[in-house]
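Everything on this sheet refers to the single structure shown next.
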Amino acid sequence: MYKELKEYANELGKDFSLGEYLMLGGFAKILEFQSNESIKAYLKDFDNTVIINDLIARYNIKKPSFLKKLWIL
61 MYKELKEYAN
71 ELGKDFSLGE
81 YLMLGGFAKI
91 LEFQSNESIK
101 AYLKDFDNTV
111 IINDLIARYN
121 IKKPSFLKKL
131 WIL
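In terms of my numbering, the sequence shown opens at residue 61 and continues consecutively.
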């Protein structure tokens with residue numbers, strides 16, 4: 061996966077280190093952002109939409125607002 065991401069970074073004219081891969085993950089979309097703040101916002105949004113919603117649906121959580129508060133901590 062890192063190899064493909066590195067190739068995509070090269071196509072975009074960007075450098076992407078193994079350390080960045082380990083810290084940020086293998087989401088190719090992060091290479092399209094211009095700032096670290098944008099990357100952080102994207103990853104946080106990913107957490108909030110995909111992971112939280114998956115947990116709520118999978119475990120039939122009755123109080124999703126409580127789970128979201130716990131997730132933020």
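Glycine included, every Cβ here is placed at the ideal spot set by N, Cα and C.
Here the alpha carbon of Gln94 sits roughly 37 Å from the alpha carbon of Tyr119. For Met83, the enclosing alpha helix (DSSP H) has its first and last residue at Leu78 to Leu84.
The beta carbon of Lys66 lies closer than 7 Å to those of Phe76 in the same chain, with the five residues before and after it left out. With contact defined as three or more Cβ pairs closer than 8 Å, the region 102-110 and the region 76-91 are in contact. For Phe106, the enclosing alpha helix (DSSP H) covers residues Asn96 to Phe106. Rounded to whole angstroms, the Cβ separation of Leu130 and Ile121 is 11 Å, and the two are not in contact under 8 Å.
Relative to Leu72, the option among Glu64, Gly79 and Ile112 whose CA is nearest is Glu64.
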